[in-house]
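**Q** Be aware that the sequence shown starts at 1, since it is given in the working numbering, and climbs by one per residue.
Beta carbons are placed, not taken as given, at the ideal position from N, Cα and C, and that holds for glycine.
Got a structure here, written out as structure tokens. Questions coming.
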Amino acid sequence: IMAIKRAKKDTPAYFDYKDVKTLQRFINMYGQIEPIAKSGLSAKQQRQLATAIKRARHLALLPFVISN
Numbered sequence: 001i002m003a004i005k006r007a008k009k010d011t012p013a014y015f016d017y018k019d020v021k022t023l024q025r026f027i028n029m030y031g032q033i034e035p036i037a038k039s040g041l042s043a044k045q046q047r048q049l050a051t052a053i054k055r056a057r058h059l060a061l062l063p064f065v066i067s068n
């Protein structure tokens, strides 16, 4: 059984690492990047998203791990 993709209505054409608010929508409560089945993105968009999130983490715009 395949998972149903939740298509994001307002997905940007390009993921900017400085746009933290948009990137946070694709991170779960543990600080992990949502999988492609849950994010509803194409493979190319998912790669761009991952790169943008990793850049934002290195510049301390996003946390690596969200602690309780």
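With DSSP as the reference, label ILE53 as helix, strand or coil.
**A** Within the sequence shown, residue 53 is the residue found at index 53, counting from 1. Helix, per DSSP.
**Q** Ignoring anything shorter than 4 residues, give me the alpha helix (DSSP H) runs that lie fully in the region 4–47, in order along the chain.
**A** 20–24 and 36–39
**Q** Looking at ILE33 and LEU49, is the spacing between their C-beta atoms short of 8 Å?
**A** Translated into positions along the sequence shown, residue 49 becomes position 49. Translated into positions along the sequence shown, residue 33 becomes position 33. Going by C-beta atoms, LEU49 is nearer than 8 Å to ILE33.
**Q** So, using beta-carbon positions, are LEU41 and ILE53 closer together than 8 Å?
**A** The residue given as residue 41 occupies position 41 in the sequence shown. The residue given as residue 53 occupies position 53 in the sequence shown. No, Cβ-Cβ distance for LEU41 and ILE53 is not below 8 Å.
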